[in-house]
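Peer 1: Per the numbering used here, the very first residue in the sequence shown carries number 33; after that it's consecutive. Here a beta-carbon is modelled for each residue, glycine too, at the ideal position from N, C-alpha and C. All of these numbers come straight from a predicted model, not from anything done at the bench. Could you have a look at this structure, given as structure tokens, before my questions?
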Amino acid sequence: MTLHTIFQHLRKNNPGEYRLFLGCNTFAILLISSFLAVLTSPLVQSVLPEGGDSRKQVYIIFAAALLGCFLFTIYSSSLFLRYKSRETGILTAMGLPRKTYMRSLSRELLSLLALCAVCGTAAGQLLSFIVWLCFLPLVKQSTGAAFSISARGLLYTLLFVILIAVSLFIQANLFMKRSNVIEIIQEQHRSEPLKKTVTPGYLLSGCILLVSGLFLALCLSPLSLRLFHRSLGSLPSVFFLPAFLGIYRILVYSISCHKKGARPQHYYNHIISYNMMKFLGSQMVRSMCIITLLLFCGLFGAFYVPTLMTGLNNFNAQNPEDVSFFYPADSGELTKEEIYHIAGDFGVTITAYHELTFLNLIGSSVDRDYDDQGYLIETYMEKSGYMQFLSESAYNAYTGEAVRVQPGTYLLLTHPDAAETIWAHFDDLDQITDLNGNAHPVSFAGTLVCHQLVVGRGSDTQARYVLSDSDYAMLSEGAADKNKTKQVLFQTADAENSYAFAKELYRAFSERASSEMLVLGNYDPYQHEQARSQGKEYGYDRTVTLYPEQPERDFDWKYAPYFKILEQKISFVRHAVFFLLFLYVAIICLAAAVIIAYTRGLTLGQSERLVFRDLSQLGANTAFLRGCLSSQLRRLFLLPSVIGILSAYLFDFFVMYTNDGHIASAEAMALAINGSICLIAALLLAAAYGYSVKKACRAAGC
């Protein structure tokens, strides 16, 4: 009988351990392969902005998922080698050379891993294809491109498999280098107790490290900017390490510290399960750390969708107009008669029609940027770029208000949730240059909340102001249509049934757009001219391609019209790729966390089978044994769930708050929805806990 035959008999008689090894590694490769297939596809790479926050977030979450899956494979490999320890020790004691056994073991491990790689990669590609089939109609509408699998994804999957193989063979070599045969034989039953002696102070320090680490990592840089006008760059990110150390300390305390306290009988009732957890403490803490990390990443990815959608919905809710678009007054765009004619063709009744004329003049501003040392520097610019100005009488006629602006002052048009930031202050404008090149000093007199009149970010060259009638008349003297911007705003009697009309009006507006309108959102003609006169490249000098028949397409256009019904119907389509990507990574991370917790619970039941048999012989009934096991599994599921969910929610809150120093109404709504997602995740983990208890009890023989 050859050694290969012996291994075949062992596989046949012990299928459970082999299934566990194959299942864990195949699952890890499946997750990584499927996500890489989506992430590295040309379509996704073209949609994710280069150097943008969304790209960075996806990569960070994927790196965490990659780390979690890799550690999961290490854990499954260590379990498999522990199972192989008994046969290894016996064969070695019978005189089989270690090198001979190692060669046979290596061949077996390589064949098993190859099977995992083939099945996991194939299943991963199939999964990604199925997901894309579900999203493809939306993605094709929003981007006009079809999905294709990138060879880079397969290459990176192969590198991940190689990494697993290297770690597996390193573990096997370290395992075989042990000289004590008895130690090898007993490896399968060796415990890994926590050797730390912890006190309540250890738990307190963990909580402090967790909260302070998250706070400093997210809030230190904004605080430094506000107080000292200096950027700390990526330095605050190091405080995530203390936060992770805090999680580790909390988990260690939960496993190793159990006292009688005020309920000594409760302590004695669970003393066996407490000590059983201590014997496997190191394994338990490692698994709980991985589960916590994956839960955090999964929820962070899941939070992206409601955060974006509530922002879009809030934008529509704050805008009272059904249609709004603006254009250069000399561009020959749609007239009032043409708009009413199109509405009549579709049986749409237009109400509250308004046309406003803004004056385009060069204004001053303050440019803020970091120097080489990270300090925030402010550069005053007498001529920053073109800004738009409206007279107080025109504003009052449109809104029905009675606003009065003192000569020499201005009011800034803002969103309801607008707030000053370190980059833009409300009073940055202090000088207006008229059409003859004469400078007129002005001062800030306050803000006017009028959501529908704000364009872009509402600051710098995208700012709009209201002037007194006398100042507006003086500055507009001699102004031609080329110095003006016209905005059309109106409502419809039955907005819900105006979708076809909105699509036709979008098509007509896009087709009539002049060449000077085909510019990016941040384009400014004055800044373009200045850059050209200085021989510099202007970053926003690019012609925009319009898609009159496809309002679903998402692209940057300065004169993009607003149609409320279109935004309500197609906002999800426009962001389909981002939704797909973040939902995908969320599902992967959450699924990995559940599977790892379930696998750990199953192996816990298998490892304690002999202990439970002894307890049963000593008189312990089935209910007591199940209570011991469920108590351990409860900690395995409960603590990582609580810590992971709370950490993700606090992280989301800090991110929203530090963006602009307050929580906007849309962000408050997103936090409420994200809280519901946390509840759903908790219920999912509770269901996984119940299922794991049943399977673990069966594995433990109770």
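May I ask you to list the residues that DSSP assigns as paired with His472?
Peer 2: Residue numbering aside, residue 472 sits at position 440 when the sequence shown is read from its first letter. Looking at the DSSP assignment, His472 forms a beta bridge with Ile464.
Peer 1: Round the Cβ separation of Leu283 and Val317 to the nearest angstrom and send it over; I've been treating them as touching at under 8 Å.
Peer 2: As a working mapping, residue 283 is identified with position 251 in the sequence shown. As a working mapping, residue 317 is identified with position 285 in the sequence shown. Yes, Leu283 and Val317 are in contact; Cβ-Cβ is about 5 Å, under 8 Å.
Peer 1: Using 8 Å as the threshold, is the region 363-381 in touch with the region 418-436, meaning 3 or more CB pairs across them?
Peer 2: In short, these stretches do not touch, since the Cβ pair count stays below three.
Peer 1: If we count the other Cβ atoms within 10 Å of its Cβ and call it buried at 16 or more, is Thr577 buried or exposed?
Peer 2: Here the question's residue 577 lines up with position 545 in the sequence shown. That one is exposed.
Peer 1: Per the DSSP calculation, Val617 is bridged to which residue(s)?
Peer 2: Numbered from 1 along the sequence shown, position 585 holds the residue referred to as residue 617. DSSP output for Val617 lists no bridge partner at all.
Peer 1: Is the CB of Pro672 under 8 Å away from at least one CB in chain B?
Peer 2: Here chain B cannot be found, since the structure has a single protein chain.
Peer 1: Whole angstroms are fine: how far does the CA of Gln89 sit from the CA of Ala700?
Peer 2: The residue given as residue 700 occupies position 668 in the sequence shown. The residue given as residue 89 occupies position 57 in the sequence shown. Roughly 21 Å between the two C-alpha positions.
Peer 1: Out of Tyr188, Phe112, Cys251, state which residue places its alpha-carbon closest to the alpha-carbon of Gln203.
Peer 2: Here residue 203 corresponds to residue number 171 of the sequence shown, with the count starting at 1. Gln203 has its Cα closest to that of Phe112, out of Tyr188, Phe112, Cys251.
Peer 1: Please classify Gly364 as buried or exposed, where buried requires at least 16 other C-beta atoms within 10 Å of its C-beta.
Peer 2: Residue 364 sits at position 332 when you count from the first residue of the sequence shown. Its Cβ having fewer than 16 others within 10 Å, Gly364 is exposed.
Peer 1: Please report the Cβ distance between Leu331 and Ile709, rounded to the nearest whole angstrom; I am assuming they are in contact, meaning their Cβ atoms lie under 8 Å.
Peer 2: As a working note, residue 331 is residue 299 in the sequence shown. As a working note, residue 709 is residue 677 in the sequence shown. Indeed they touch by this definition, with Cβ atoms about 7 Å apart.
Peer 1: Which one of Leu613, Gly676, Tyr504 has the shortest CA to CA distance from Leu717?
Peer 2: Numbered from 1 along the sequence shown, position 685 holds the residue referred to as residue 717. Closest option to Leu717, Cα to Cα, is Gly676.
Peer 1: I'd like to confirm the pairing. Which residues does DSSP put opposite Gln523 in its beta bridges?
Peer 2: Counting from 1 along the sequence shown, the entry for residue 523 is found at position 491. DSSP output for Gln523 lists Thr383 as bridge partner(s).
Peer 1: Which of the three DSSP states, helix, strand or coil, is assigned to Gly152?
Peer 2: The residue given as residue 152 occupies position 120 in the sequence shown. Reduced to three states, the DSSP call for Gly152 is helix.
Peer 1: Of the residues Tyr188, Lys514, Ser397, Pro448, which one's Cα is nearest the Cα of Ser546?
Peer 2: Here residue 546 refers to the residue found at position 514 of the sequence shown. Just measuring C-alpha positions, the residue of Tyr188, Lys514, Ser397, Pro448 sitting nearest Ser546 is Lys514.
Peer 1: Start and end of the alpha helix (DSSP H) containing Ile374?
Peer 2: Residue 374 sits at position 342 when you count from the first residue of the sequence shown. Where Ile374 is concerned, the enclosing alpha helix (DSSP H) stretches over 368-377.
Peer 1: The alpha helix (DSSP H) with Phe207 in it runs from where to where?
Peer 2: The residue you call residue 207 lines up with position 175 of the sequence shown. Run containing Phe207: 183-208, per the alpha helix (DSSP H) assignment.
Peer 1: On a CA-only basis, which of Ile597, Thr654, Ala629, Leu147 is nearest Tyr50? Give me that one, please.
Peer 2: Residue 50 sits at position 18 when you count from the first residue of the sequence shown. Per the Cα distances, Leu147.
Peer 1: Specify the secondary structure class of Lys590 as computed by DSSP and reduced to three states.
Peer 2: As a working note, residue 590 is residue 558 in the sequence shown. Three-state DSSP puts Lys590 in coil, outside helix and strand.
Peer 1: Considering only C-alpha positions, which residue in the set Ala96, Leu598, Phe102, Cys239 is nearest to Ile194?
Peer 2: The residue you call residue 194 lines up with position 162 of the sequence shown. For Ile194, the nearest C-alpha among the options comes from Phe102.
Peer 1: Based on the DSSP output, what are the partners of Arg262 in its beta bridges?
Peer 2: Looking up residue 262 in the sequence shown gives position 230. Paired residues: Tyr407.
Peer 1: State the start and end residues of the unbroken alpha helix (DSSP H) segment that holds Ser12.
Peer 2: Residue numbering for the chain in the displayed model covers 33 to 734; residue 12 lies beyond these limits and cannot be assessed.
Peer 1: For Asn706, tell me which candidate among Ala154, Met688, Leu242 has the shortest Cα-Cα distance.
Peer 2: Working through the sequence shown from its first residue, we reach residue 706 at position 674. When C-alpha distances from Asn706 are compared across Ala154, Met688, Leu242, the shortest belongs to Met688.
Peer 1: Counting Cβ pairs, one atom from each stretch, are 3 or more of them under 8 Å apart for the region 507-525 and the region 334-350?
Peer 2: no
Peer 1: How is Gly733 classed by DSSP in three states: helix, strand or coil?
Peer 2: Looking up residue 733 in the sequence shown gives position 701. Coil, per DSSP.
Peer 1: Look at Leu642 and Ala728 and say whether their C-beta atoms are less than 8 Å apart.
Peer 2: Residue mapping note: residue 642 aligns to position 610 of the sequence shown, counting from 1. Residue mapping note: residue 728 aligns to position 696 of the sequence shown, counting from 1. No, Cβ-Cβ distance for Leu642 and Ala728 is not below 8 Å.
Peer 1: Below 8 Å between beta carbons: does that hold for Asp586 and Leu552?
Peer 2: Indexing the sequence shown from 1 puts residue 586 at position 554. Indexing the sequence shown from 1 puts residue 552 at position 520. In this structure, Leu552 does not lie closer than 8 Å to Asp586 by Cβ.
Peer 1: Any chance the region 620-640 sits against the region 347-362, with 3 or more Cβ pairs inside 8 Å?
Peer 2: no
Peer 1: Give the secondary structure of Glu561 by DSSP, where H, G and I count as helix, E and B as strand, and everything else as coil.
Peer 2: Translated into positions along the sequence shown, residue 561 becomes position 529. Residue state, collapsed to three classes: helix.
Peer 1: Given a threshold of 16 other Cβ atoms within 10 Å of its Cβ, counted over all protein chains shown, does Lys726 qualify as buried or as exposed?
Peer 2: Sequence index remark: in the sequence shown, residue 726 carries index 694 (1-based). Exposed, by the Cβ-count rule.
Peer 1: Given a cut-off of 8 Å on the beta-carbon distance, is the pair Tyr630 and Ser724 in contact?
Peer 2: The residue given as residue 630 occupies position 598 in the sequence shown. The residue given as residue 724 occupies position 692 in the sequence shown. Against a cut-off of 8 Å, the Cβ pair of Ser724 and Tyr630 comes out as a contact.
Peer 1: What do you reckon, are the CB atoms on Arg262 and Ser256 nearer than 8 Å?
Peer 2: On the sequence shown, position 230 is the one that residue 262 refers to. On the sequence shown, position 224 is the one that residue 256 refers to. Contact: yes.
Peer 1: From the DSSP output, which residues share a beta bridge with Lys518?
Peer 2: What you label residue 518 is simply residue 486 of the sequence shown in a count that begins at 1. Beta-bridge pairing links Lys518 to Tyr359, Thr389.
Peer 1: With a cut-off of 8 Å on the beta carbons, I'd call Leu756 and Tyr497 a contact; round off their distance for me.
Peer 2: Outside the displayed range of the chain (33 to 734) lies residue 756, so it cannot be described from this structure.
Peer 1: Mind checking which residues open and close the beta strand (DSSP E) that includes Leu444?
Peer 2: As a working mapping, residue 444 is identified with position 412 in the sequence shown. Looking at the DSSP string, the run of the beta strand (DSSP E) that includes Leu444 is 441-446.
Peer 1: Return the CA-CA distance between Phe595 and Ala471, expressed in angstroms with no decimal places.
Peer 2: On the sequence shown, position 563 is the one that residue 595 refers to. On the sequence shown, position 439 is the one that residue 471 refers to. Spanning the two alpha carbons is a distance of roughly 38 Å.
Peer 1: Any idea if Pro338 is buried or exposed, counting beta-carbon neighbours within 10 angstroms, 16 or more meaning buried?
Peer 2: Along the sequence shown, read from residue 1 onward, the residue named residue 338 stands at position 306. With 16 or more other Cβ atoms within 10 Å, it is buried.
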